[in-house]
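So the sequences go chain by chain: A and B. Last residue of the first sequence? That's 347 in the numbering used here, and every number before it is there in order. Last residue of the second sequence? That's 347 in the numbering used here, and every number before it is there in order.
Number of protein chains: 2
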Amino acid sequence: MPEGTVTSRQVVLARYIQGLPTPEDFRLETVELPLPGAGELRVRTLYATVDPGTLTRLGGRASYAPPLAVGDVIAGAVVGEVVDSRSERFAPGERVVGSWGWREAAVVEARGLRKVVAGPEPVSAELGVFGIPGLTAYFGILELGRPRAGETVLVSSAAGAVGSVAGQVALQQGARVVGIAGGPAKCRWLVEELGFDVALDHRAESDLAAAIRRVCPEGVGVFLDNVGGAVLDAAIPSMALRGRVVLSGVVSEYGVPPEQRSGLKNTGHFITHRLRMEGFVVFDYAERFTEARAALGRWIQEGKLRYREHVVEGLEAAPAAFAGLFRGENFGRMLVRVSPPETRGA
Amino acid sequence: MPEGTVTSRQVVLARYIQGLPTPEDFRLETVELPLPGAGELRVRTLYATVDPGTLTRLGGRASYAPPLAVGDVIAGAVVGEVVDSRSERFAPGERVVGSWGWREAAVVEARGLRKVVAGPEPVSAELGVFGIPGLTAYFGILELGRPRAGETVLVSSAAGAVGSVAGQVALQQGARVVGIAGGPAKCRWLVEELGFDVALDHRAESDLAAAIRRVCPEGVGVFLDNVGGAVLDAAIPSMALRGRVVLSGVVSEYGVPPEQRSGLKNTGHFITHRLRMEGFVVFDYAERFTEARAALGRWIQEGKLRYREHVVEGLEAAPAAFAGLFRGENFGRMLVRVSPPETRGA
Numbered sequence: 002m003p004e005g006t007v008t009s010r011q012v013v014l015a016r017y018i019q020g021l022p023t024p025e026d027f028r029l030e031t032v033e034l035p036l037p038g039a040g041e042l043r044v045r046t047l048y049a050t051v052d053p054g055t056l057t058r059l060g061g062r063a064s065y066a067p068p069l070a071v072g073d074v075i076a077g078a079v080v081g082e083v084v085d086s087r088s089e090r091f092a093p094g095e096r097v098v099g100s101w102g103w104r105e106a107a108v109v110e111a112r113g114l115r116k117v118v119a120g121p122e123p124v125s126a127e128l129g130v131f132g133i134p135g136l137t138a139y140f141g142i143l144e145l146g147r148p149r150a151g152e153t154v155l156v157s158s159a160a161g162a163v164g165s166v167a168g169q170v171a172l173q174q175g176a177r178v179v180g181i182a183g184g185p186a187k188c189r190w191l192v193e194e195l196g197f198d199v200a201l202d203h204r205a206e207s208d209l210a211a212a213i214r215r216v217c218p219e220g221v222g223v224f225l226d227n228v229g230g231a232v233l234d235a236a237i238p239s240m241a242l243r244g245r246v247v248l249s250g251v252v253s254e255y256g257v258p259p260e261q262r263s264g265l266k267n268t269g270h271f272i273t274h275r276l277r278m279e280g281f282v283v284f285d286y287a288e289r290f291t292e293a294r295a296a297l298g299r300w301i302q303e304g305k306l307r308y309r310e311h312v313v314e315g316l317e318a319a320p321a322a323f324a325g326l327f328r329g330e331n332f333g334r335m336l337v338r339v340s341p342p343e344t345r346g347a
Numbered sequence: 002m003p004e005g006t007v008t009s010r011q012v013v014l015a016r017y018i019q020g021l022p023t024p025e026d027f028r029l030e031t032v033e034l035p036l037p038g039a040g041e042l043r044v045r046t047l048y049a050t051v052d053p054g055t056l057t058r059l060g061g062r063a064s065y066a067p068p069l070a071v072g073d074v075i076a077g078a079v080v081g082e083v084v085d086s087r088s089e090r091f092a093p094g095e096r097v098v099g100s101w102g103w104r105e106a107a108v109v110e111a112r113g114l115r116k117v118v119a120g121p122e123p124v125s126a127e128l129g130v131f132g133i134p135g136l137t138a139y140f141g142i143l144e145l146g147r148p149r150a151g152e153t154v155l156v157s158s159a160a161g162a163v164g165s166v167a168g169q170v171a172l173q174q175g176a177r178v179v180g181i182a183g184g185p186a187k188c189r190w191l192v193e194e195l196g197f198d199v200a201l202d203h204r205a206e207s208d209l210a211a212a213i214r215r216v217c218p219e220g221v222g223v224f225l226d227n228v229g230g231a232v233l234d235a236a237i238p239s240m241a242l243r244g245r246v247v248l249s250g251v252v253s254e255y256g257v258p259p260e261q262r263s264g265l266k267n268t269g270h271f272i273t274h275r276l277r278m279e280g281f282v283v284f285d286y287a288e289r290f291t292e293a294r295a296a297l298g299r300w301i302q303e304g305k306l307r308y309r310e311h312v313v314e315g316l317e318a319a320p321a322a323f324a325g326l327f328r329g330e331n332f333g334r335m336l337v338r339v340s341p342p343e344t345r346g347a
């Protein structure tokens, strides 16, 4: 290997994924990195996200984001440290958020990177509570759901990266917050640590619709849903007059062909109860991300907002962690720690 | 029979209806009418509506309107003539719209009746283009859908009482209008008589989603849907960015238990395309009904709005006509002519 050559391990798509992912759908490989050109940086990855939405791009079919090809590096948001810079905007040692995916190191364009403003929270928070999940929760509740004090807000995947923040943002608005999560540990965390009024363990309920009705006797004013499918359908009959359903994700649809989905069947309730259901993409609020991050950071400092990360160690652990997401195995935002800054140099 | 006694034939519910209706679910009977008390009127029916939504009240289960009991007269909007009045507001010979249902004559409270303002249209129009269907179309398009000039508006059940008006209201806004209807006669009427840009015959299309995509190449800005279920699901993938789905009815759900419904499965498209789906009940706009009727009447006079009625003769024909609705046998607003004013006295 010639002097100055840098290699990087990366995880690529080994084959198009049909249905839910398995670790065999991925391959770890080592590549040589080029030298950064003008306007480029070399970065080393600190944390990479393991995100369920990525699955929509791994089946070889078009989605709203372009599909990956076999051999492509798995896409995703990452936070890293600048090692070598040919951009005036960034200096070595600075930390940046980008989207170079599951790589130990990369040469990337400075354009499109966001500089991390140092604060009291660990840098991994840039991918969770200050990243797309936290921002999705913030705008989903405040701009689309708009709960009034005393209204019931229902959140699915409530112990997840979006749901946990959404519920706490709703609590700030004076709402009564009910979360749906899987298993007693997550439910306990929601109520005891985050202050949710009620947590419903969907694994312990044979009839989710009846359970939602039981714990939401006055109806649901806002339902922020990340799951779709049967969970969405189960909540609709409990929606209150003029209730708002905010769709921020449809994890239950990922990897499931339409004909196998359970579907939303209670559309009649939309009419009788004047419901509104709206989907959104958080990037539409990009101009307000700085404001939102400031508010979220303030709530964390004031003890009103807590978050949790589920960190796995090393790129090689990412494929199994990704597969586990679809079985609800994560408890908090799932991240892979790629190269701990204290042990590895550039 | 004592002097002065008036009898009336009426259609009652013979048994709770499971699934779709059959004529055997109804019974024709004759009753004696009481004399009107203070504040009451005796009316004779001119036209009664045969309305698919009534089915939701005939299964013995609660809906947004209270369910009927076995033996109850079938509910529905009616237009009639005052025969005998003990109210200062109404005089014999005046025409009123009420909701006394499938009866030849009735004694009803004056409160809650609407006086028909004579105009160039036949009185039956009070139950169609000037009634709930026409008003639903008007507010559904103008208040919820709000199409912009050049946007594509898709309407299901387009030859029906709501859909045909909705499409024409959208044409007034400069929209490109596509209707979905069953059979070539309805499709021809939509394009040749009403001026729809395209009519899709769902009976001639094996893949409705593909057909909608084919005729809406720039995407659907507004979808006014009366059908729900598979039709709704088929349209979603063709919705344009920030498209609005307005739900004014879910005929496909009536009489079909949730587990047998096909369901809305393309919820992911709500997120990627920032769709909004909203259900509504036209009575929320009751304060503006007079304004809406004036606008609809003006458009009719100007030749910009046409409507069609499907009239069956005699109360005894109502049950079979009702059953036929669910097979798409009507072509226009279905009404039963109960006692033609020219042949029968009070």
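Backbone N, C-alpha and C define an ideal beta-carbon position, used for all residues, glycine too. Fair warning: this is a prediction, and the values are worked out from it, not measured in the lab.
Between the CA atoms of residue j and residue i - distance to the nearest angstrom
i        : j        : result
B:Leu265 : A:Arg275 : 18 Å
A:Gly280 : B:Phe271 : 5 Å
A:Ile348 : A:Gly229 : The structure shown does not extend to residue 348 of chain A, since chain A is modelled only from 2 through 347, so no value can be given for it.
A:Glu260 : A:Gly244 : 28 Å
B:Ala66  : B:Arg58  : 7 Å
B:Met335 : A:Asp73  : 59 Å
B:Gln174 : B:Asp198 : 14 Å
A:Ala212 : B:Leu143 : 38 Å
A:Gly168 : A:Gly132 : 16 Å
B:Gly250 : B:Thr46  : 26 Å
A:Asn227 : A:Val163 : 8 Å
B:Thr23  : B:Arg62  : 18 Å
B:Gly346 : B:Gly77  : With a pLDDT of only 39 at B:Gly346, under 50, the local geometry of the prediction cannot be trusted, and the value read off the model is given with reservation. Straight-line Cα distance between these residues: approximately 23 Å.
B:Arg338 : B:Val32  : 19 Å
A:Trp103 : A:Leu316 : 7 Å
A:Thr268 : B:Pro68  : 19 Å
A:Tyr308 : A:Thr50  : 15 Å
B:His311 : B:Ala318 : 12 Å
A:Val71  : A:Asp26  : 10 Å
Contact with chain B by residue i, beta-carbon distance below 7 Å
i        : result
A:Val251 : yes
A:Gly77  : no
A:Met278 : yes
A:Pro342 : Because the pLDDT at A:Pro342 is just 46, under 50, the model does not fix this residue reliably, and the value given afterwards should be weighed accordingly. False, the Cβ-Cβ gap to chain B never drops below 7 Å.
A:Leu21  : no
A:Thr50  : no
A:Gly229 : yes
A:Leu69  : no
A:Arg104 : no
Test item: CB-CB of residue i and residue j under 7 Å
i        : j        : result
B:Gly54  : B:Tyr17  : no
A:Arg43  : A:Pro37  : yes
A:Gly183 : A:Leu191 : no
A:Pro333 : A:Val223 : Reading off the sequence shown, one finds Gly at residue 333 of chain A, where the question assumed Pro. Not closer than 7 Å, so no.
Best match in the options for proximity to residue i [C-alpha to C-alpha]
i        : options                                   : result
A:Val98  : A:Asp202, A:Asp198, A:Leu114 and A:Glu194 : A:Leu114
A:Val84  : A:Thr50, A:Glu41 and A:Ala49              : A:Glu41
A:Phe140 : A:Glu288, A:Gly120, A:Tyr308 and A:Phe323 : A:Glu288
A:Ser217 : A:Ala176, A:Ala205, A:Val130 and A:Gly196 : Ser is not the amino acid found at residue 217 of chain A; the sequence shown has Cys there. Nearest option by C-alpha distance: A:Ala176.
B:Gly81  : B:Phe284, B:Gln11, B:Tyr48 and B:Ser263   : B:Tyr48
A:His203 : A:Val156, A:Pro93, A:Thr273 and A:Glu194  : A:Val156
A:Val7   : A:Ala200, A:Leu69, A:Ala15 and A:Ala106   : A:Ala106
B:Arg90  : B:Ser100, B:Arg112, B:Val79 and B:Trp101  : B:Arg112
B:Asp52  : B:Leu128, B:Val166 and B:Leu29            : B:Leu128
A:Pro258 : A:Pro320, A:Gly151, A:Leu21 and A:Val13   : A:Leu21
B:Val283 : B:Tyr255, B:Val166, B:Ala171 and B:Ala138 : B:Ala138
Closer than 7 Å to chain D by CB, residue i
i        : result
A:Arg275 : Checking the listed chains, one finds no chain D in this structure; the protein chains it contains are A and B.
Any C-beta of chain A under 7 Å from that of residue i
i        : result
B:Arg112 : no
B:Ile272 : yes
B:Phe224 : no
B:Leu195 : no
B:Phe327 : no
B:Arg214 : no
B:Pro259 : yes
B:Leu145 : no
Runs of alpha helix (DSSP H) wholly within the region 105-176 of chain A (minimum 4 residues, chain order): 133-140 and 162-173
Start-end ranges of the alpha helix (DSSP H) lying completely within the region 254-330 of chain A, minimum 4 residues: 269-273, 290-302 and 319-326
Segments of 4+ residues assigned as alpha helix (DSSP H) that fall wholly inside the region 188-213 of chain B: Fully enclosed alpha helix (DSSP H) runs of 4 or longer: not present.
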